[in-house]
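What follows is one structure encoded as structure tokens, with my remarks underneath.
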Amino acid sequence: MSEYWNESMECATPYEMESLQSFRLSQTVRRVYENVPYYRQKMDEHGVKPEDIRSVKDLSKLPFTIKQDLRDTYPYGLFAVPMEDVVRVHASSGTTGKQIVVGYTQNDVDTWSECAARAITAAGGGKHDFMHISYGYGLFTGGLGMHYGAEKVGATVIPASVGNTKRQITILKDFGSTLICCTPSYALFLAETMQEMGLTKDDIKLKAGVFGAEPWTEEMRREIEDKLGIKAYDIYGLSEIIGPGVSFECEEQTGMHINEDHFIPEIIDPDTGEVLPDGEEGELVFSCITKEAFPLLRYRTRDIAVLKREKCSCGRTLVKMLKPRGRSDDMLIIRGVNVFPSQVESVLLSLGNTSPYYQLIVDRVNNTDTLEIQIEISPEMLSDTVKNIEEQEAAIRTAVESTLGIAAKIRLVEPKAIARSEGKAVRVIDKRKLI
Amino acid sequence: MFIKQLSIFVENKPGRLSSITELLEKNNIDIRALSIADTRDFGILRLIVNDPDKALNALKSADYSVTLTNVIAIGIEDTPGGLHKAMDILYKNNISVEYMYAFISKSKDTAYVILRVENNDKAVTAMEENNIQVLTSKDIYEM
Chain A
669 MSEYWNESME CATPYEMESL QSFRLSQTVR RVYENVPYYR QKMDEHGVKP EDIRSVKDLS
729 KLPFTIKQDL RDTYPYGLFA VPMEDVVRVH ASSGTTGKQI VVGYTQNDVD TWSECAARAI
789 TAAGGGKHDF MHISYGYGLF TGGLGMHYGA EKVGATVIPA SVGNTKRQIT ILKDFGSTLI
849 CCTPSYALFL AETMQEMGLT KDDIKLKAGV FGAEPWTEEM RREIEDKLGI KAYDIYGLSE
909 IIGPGVSFEC EEQTGMHINE DHFIPEIIDP DTGEVLPDGE EGELVFSCIT KEAFPLLRYR
969 TRDIAVLKRE KCSCGRTLVK MLKPRGRSDD MLIIRGVNVF PSQVESVLLS LGNTSPYYQL
1029 IVDRVNNTDT LEIQIEISPE MLSDTVKNIE EQEAAIRTAV ESTLGIAAKI RLVEPKAIAR
1089 SEGKAVRVID KRKLI
Chain B
20 MFIKQLSIFV ENKPGRLSSI TELLEKNNID IRALSIADTR DFGILRLIVN DPDKALNALK
80 SADYSVTLTN VIAIGIEDTP GGLHKAMDIL YKNNISVEYM YAFISKSKDT AYVILRVENN
140 DKAVTAMEEN NIQVLTSKDI YEM
């Protein structure tokens, strides 16, 4: 039995949704054109006027917005309202360059809370729940985004934020948390720390978790579900669009429903910019159609995903996006081959006896790219004979090479040798960039 | 009958061995014998100590990858041909040796060999039938 936060939107007919989107899009484009000089100039150069955008079908007439546009207008150049109407700003971590700033009016904060509330409701959360939030609070959108969503559904919010994992586990146990939000890698770290503290999943009351902010695999989901005794839901978002809650998973766990009454998705060919039909893999692009302070149009996310419009058993009609295979920012090109860290994770977890802690070290030696995968040795792998360990290393190497299509050196390291992360896990060290 | 050997995974990095020996010192662990099997990137440090369970706990709490393996300790004559006698018994009984290492005792005429074979029970029987001393864990720990 499905529960919805906003049934009329989440289960709207395609006709209702498209009419609403068309209306909101044309309004937003006009507002952006009038209030943001940068967008006006861009649209003028592109030869498109607000009156050309009357429906969703006209979307492809608009130019794309890319991250560089946000950097060029840093900090407030793309804001579409006067600063007195802006009640909050957030900033991206800026791991791949200068940080970017996004802003929210009170209505934007409400929209965001609504989106996060839909996600929490879809994960079975409600006013009877205790919601433990272990995302960072601050400029990062994860913590406050989920916090407001959880308050909106009436849950008892436990704003644990990041850090001090043992204390977090004590809180989980003593406060009776039933839901948790954090990165999937932190969820595994919590499980591992619980085990070290002599606790099992029976000592905590968690029933579900909403995990996001980094790519993760199905294998990792099963491991989290198994170790914490919960159902693990995926949530997707990016601060440029709003934060967590752009899309979310329902109990079917076969893709994330996009809140398309607020954000219109498109899939494009990342090389040509051409719009691809539903079902094809390409770069995900979003247009914000209700945001007031920071309404990006046709923003290229760099995430590689697929849109699916098939009927969902949960009853929601919101289009689904398949879990991004990885950010194109995360994608490594090693000896000309595209490599996503998530592929390595998938291989490791499928082998069963390896630990989920790994790191890819990419380097360039004598003008040739090298890939080393460091993996922490697990208790199951340890043996008193070198031969046994080397056979397991060889099995990993074979599996990795057949998945990635390139050779990799497998290097086993001691437990805890790879730094644990309380936010996004550092999966790649690319030494080539340092040269 | 069997002796507990600690097998510890050690990365080939400066300071790893010293941090293990420091930990053993702090826990007042006395080492009876040791060997290292090494590869390019890592080694397996094998230790026979006076209190393997205590050492195991100490190493585990310090996040080392460590396990206990059952091995056999035999006493042989510390004279030319002493080791051969034992090896010949294993060969004639078709028992393969995975690895072994030896240490000499404080008494002059005996040497000890730690043996890791594919079939511990079979090896012990073969040794005893041929009057080769098989040490108990008590013999080793109290040595």
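Protein chains in written order, with the working numbering: chain A, 669 to 1103; chain B, 20 to 162.
For every residue, glycine included, the Cβ atom is placed at its ideal position computed from N, Cα and C.
Element boundaries [alpha helix (DSSP H), containing T144 of chain B]: N139 to E148
Residues of the region 113-133 of chain B with Cβ closer than 9 Å to any Cβ of chain A, in chain order: E117 and Y118
Cα-Cα separation, I932 of chain A to Y803 of chain A: 26 Å
Proximity to V716 of chain A [Cα-Cα], best of A:T922, A:Y701 and A:P705: A:Y701
Of the residues A:P705, A:I892 and A:L727, the one placed nearest D740 of chain A, counting alpha carbons only: A:P705
For I39 of chain B, three-class secondary structure by DSSP: helix
Spatially closest choice to T88 of chain B from B:L134, B:I50 and B:D49, by CA coordinates: B:L134
Local conformation of E719 of chain A per DSSP, three classes: helix
CA-to-CA distance, R889 of chain A to D870 of chain A, given in whole angstroms: 19 Å
Chain A contacts from the region 20-34 of chain B (Cβ-Cβ distance under 8 Å): Q24, S26, F28, V29 and E30
Cβ-based neighbour list, I1086 of chain A, same chain, cut-off 8 Å, excluding 5 preceding and 5 following: Y1025, Y1026, Q1027, Q1042 and E1044
DSSP state of T129 of chain B mapped onto helix, strand, coil: strand
Per-residue DSSP class, three states only, for I114 of chain B: coil
Contact between the region 833-846 of chain A and the region 811-818 of chain A (3+ Cβ pairs under 8 Å): no
Residues bridged to G62 of chain B [DSSP beta-bridge criterion]: B:V29 and B:D57
Cross-chain neighbours of R65 of chain B in chain A, by beta carbon under 8 Å: D1052
Proximity test, Cβ basis, 7 Å: R1065 of chain A and chain E: Checking the listed chains, one finds no chain E in this structure; the protein chains it contains are A and B.
Residues that P1083 of chain A contacts on chain B, provided the C-beta gap is smaller than 9 Å: F28, D82, Y83 and S84
is_contact[R1079 of chain A, chain B] using C-beta, thresh 7 Å: yes
Through-space distance from D737 of chain A to K710 of chain A, alpha-carbon basis: 10 Å
Span of the alpha helix (DSSP H) around D1031 of chain A: Per DSSP, D1031 of chain A belongs to no alpha helix (DSSP H); it is in the beta strand (DSSP E), Y1026 to V1033.
Simplified DSSP assignment, three categories, for Q767 of chain A: coil
7 Å Cβ cutoff, A56 of chain B in contact with chain A: yes
A121 of chain B - partner residues in DSSP beta bridges: B:V132
Cross-strand partners of Q1042 of chain A (DSSP beta bridge): A:Q1027 and A:R1079
Beta-carbon proximity of T846 of chain A to F798 of chain A, cut-off 7 Å: yes
Minimum Cβ-Cβ distance from T763 of chain A to chain B less than 7 Å: At T763 of chain A, the pLDDT of 46 sits below 50, so the modelled position is not reliable; the number obtained from the coordinates is stated separately. T763 of chain A does not count as touching chain B.
Residue-level contact to chain A via CB, D60 of chain B, 7 Å cutoff: yes
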